[in-house]
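Q:
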Amino acid sequence: GNSVTQMEGPVTLSEEAFLTINCTYTATGYPSLFWYVQYPGEGLQLLLKATKADDKGSNKGFEATYRKETTSFHLEKGSVQVSDSAVYFCALLYSSASKIIFGSGTRLSIRP
Amino acid sequence: DSGVTQTPKHLITATGQRVTLRCSPRSGDLSVYWYQQSLDQGLQFLIQYYNGEERAKGNILERFSAQQFPDLHSELNLSSLELGDSALYFCASSPGTSTYSYEQYFGPGTRLTVT
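Chains L and Z are the protein sequences, given in the same order. Under the working numbering, residues 1 to 112 are what the first sequence spells out, in order. Under the working numbering, residues 113 to 227 are what the second sequence spells out, in order.
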């Protein structure tokens with residue numbers, strides 16, 4: 001079946017460090033891919049998305065590229081800030097379905 | 113603030129009881145989605161309603177049910193509660209039926225604790 005696997009957390013980095021959170025997926029066909037972010041005490045917010053192979057989603061300095069050949073959608077940011085501390089979820093969706101399949105989430109903590 | 117409201121924020125109840133969680137979507141959104149977030153199961157889609165009708169079903173237990181009212185608010189009913197039902201329940205809304213086309217806006221969640 002369809003699934004999303006993302007790297008285990010927690011991930012702890014110093015401010016201004018480079019961030020990568022790995023995400024791979026298993027799916028037939030061509031799903032859309034998403035990264036959601038959950039700040040403490042809040043609901044999920046869509047961070048970025050990509051709807052077809054080689055698309056790059058970007059927002060707030062974060063980016064991720066839809067790689068069909070490696071079935072991956074890794075999240076990157078060049079210089080993280082303390083305010084980026086949150087839980088990040090990778091997710092996929094087929095256009096024919098309504099439900100989003102989420103990964104297990106990766107908790108990111110940034111030290112000043 | 114996403115514009116989606118959920119009440120109550122916290123709920124503590126005993127096993128075997130029944131509770132109702134309420135969600136008001138963003139103004140103009142016709143679709144409402146319910147999700148359960150727990151430590152062992154992660155974030156799981158439960159059910160979607162569009163303009164009052166059930167549109168998609170996920171991993172929703174038979175003890176759980178939902179509905180969407182004419183004013184578009186939605187309620188999730190959880191009955192015969194078990195300890196394992198303790199989780200954060202999120203509601204999300206979007207303008208249309210397909211999440212492919214429309215971003216989902218999440219509410220702050222209701223934390224349910226079953227003792």
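By construction, the Cβ of each residue, glycine as well, lies at the ideal position given by its N, Cα and C atoms.
Mind checking which residues open and close the beta strand (DSSP E) that includes Z/Q180?
A: For this step, residue 180 of chain Z is matched to residue 68 along the second sequence. Segment F176 to Q180, the beta strand (DSSP E) holding Z/Q180.
Q: Using a Cβ cut-off of 8 Å (strictly closer), state whether L/G43 contacts chain Z.
A: Residue 43 of chain L sits at position 43 when you count from the first residue of the first sequence. L/G43 counts as touching chain Z.
Q: Between L/S104 and chain Z, is the shortest Cβ-Cβ distance under 8 Å, so that the two count as touching?
A: Taking the first sequence and counting its residues from 1, one reaches residue 104 of chain L at position 104. Judged by the 8 Å Cβ criterion, L/S104 is in contact with chain Z.
Q: To be precise: take each residue of the region 44-70 of chain L, compare its Cβ to all Cβ atoms of chain Z, and keep it if any distance is under 9 Å. Which residues remain?
A: Those residues of the region 44-70 of chain L that come within reach of chain Z (Cβ to Cβ, closer than 9 Å) are L44, Q45, L46, K49 and T51.
Q: Taking C-alpha atoms, which residue in Z/D152, Z/T227, Z/N171 and Z/D183 lies nearest to Z/E165?
A: On the second sequence, position 53 is the one that residue 165 of chain Z refers to. Of the listed residues, the one whose Cα sits closest to Z/E165 is Z/D183.
Q: Taking only runs of the beta strand (DSSP E) that begin and end inside the region 54-83 of chain L, which ones reach a length of at least 3 residues, in chain order?
A: Counting only runs of 3 or more, we get 56-59, 62-65 and 75-77.
Q: With a cut-off of 8 Å, does the C-beta of L/F73 fall near any C-beta of chain Z?
A: Within the first sequence, the letter at position 73 stands for residue 73 of chain L. No, L/F73 does not count as interfacial toward chain Z.
Q: Just how far apart, CA to CA, sit L/F18 and L/N59?
A: Here residue 18 of chain L is taken as the residue at index 18 of the first sequence, counted from 1. Here residue 59 of chain L is taken as the residue at index 59 of the first sequence, counted from 1. Their backbone Cα atoms lie some 16 Å apart in a straight line.
Q: Is any beta-carbon of chain Z found at less than 8 Å from that of L/I110?
A: As a working note, residue 110 of chain L is residue 110 in the first sequence. With 8 Å as the cut-off, L/I110 does not count as an interface residue toward chain Z.
Q: Applying a beta-carbon distance threshold of less than 8 Å, which residues of chain Z neighbour L/K77?
A: Against the first sequence, residue 77 of chain L aligns to sequence position 77. By Cβ distance, chain Z contributes nothing, its closest Cβ being about 21 Å from L/K77, past 8 Å.
Q: Count Cβ pairs between the region 167-184 of chain Z and the region 131-149 of chain Z that sit closer than 8 Å; are there 3 or more?
A: Contact between the region 167-184 of chain Z and the region 131-149 of chain Z is present, because at least three Cβ pairs lie under 8 Å.
Q: What does Z/E215 touch in chain L if you count any residue whose Cβ is under 7 Å from its own?
A: What you label residue 215 of chain Z is simply residue 103 of the second sequence in a count that begins at 1. Result: L46.
Q: Quick one: which chain Z residues come within Cβ less than 7 Å of L/F18?
A: Numbered from 1 along the first sequence, position 18 holds the residue referred to as residue 18 of chain L. Within 7 Å Cβ-Cβ: nothing; L/F18 doesn't reach chain Z, min ~27 Å.
Q: Please confirm if Z/P220 has its CB atom under 8 Å from at least one CB of chain L.
A: Against the second sequence, residue 220 of chain Z aligns to sequence position 108. For Z/P220, the answer is yes, since a Cβ of chain L falls inside 8 Å of its Cβ.
Q: Going along chain L, which residues have a C-beta under 7 Å from Z/S114?
A: Looking up residue 114 of chain Z in the second sequence gives position 2. Chain L residues near Z/S114: G43.
Q: Interface residues of chain L around Z/F176 at Cβ under 9 Å?
A: Position 64 of the second sequence, counted from the first residue, corresponds to residue 176 of chain Z. The premise fails here: Z/F176 is roughly 15 Å from chain L at the closest Cβ pair, so nothing lies under 9 Å.
Q: Is the separation between the beta-carbon of L/G14 and that of L/R111 shorter than 8 Å?
A: In the first sequence, residue 14 of chain L corresponds to position 14, counting from 1. In the first sequence, residue 111 of chain L corresponds to position 111, counting from 1. One detail in the question is off: residue 14 of chain L reads as Ser in this sequence, not Gly. Their beta carbons are under 8 Å apart, which means L/S14 touches L/R111 by this criterion.
Q: Restricting to Cα atoms, I'd like to know which of Z/S186, Z/I159 and Z/N163 is closest to Z/E174.
A: Indexing the second sequence from 1 puts residue 174 of chain Z at position 62. Nearest of Z/S186, Z/I159 and Z/N163 to Z/E174, Cα basis: Z/I159.
Q: Would you decide whether L/P40 is buried or exposed? Buried here means 16 or more other CB atoms lie within 10 Å of its CB.
A: What you label residue 40 of chain L is simply residue 40 of the first sequence in a count that begins at 1. Burial call: exposed.
Q: Grab me the residues of Z/R223's own chain with a C-beta within less than 6 Å of its C-beta, minus the 5 sequence neighbours each way, in chain order.
A: Your numbering for residue 223 of chain Z matches position 111 in the second sequence. Here the set comprises H122 and L200.
Q: What are the complete alpha helix (DSSP H) segments, minimum 4 residues, inside the region 152-203 of chain Z?
A: Whole alpha helix (DSSP H) segments, 4+ residues: zero.
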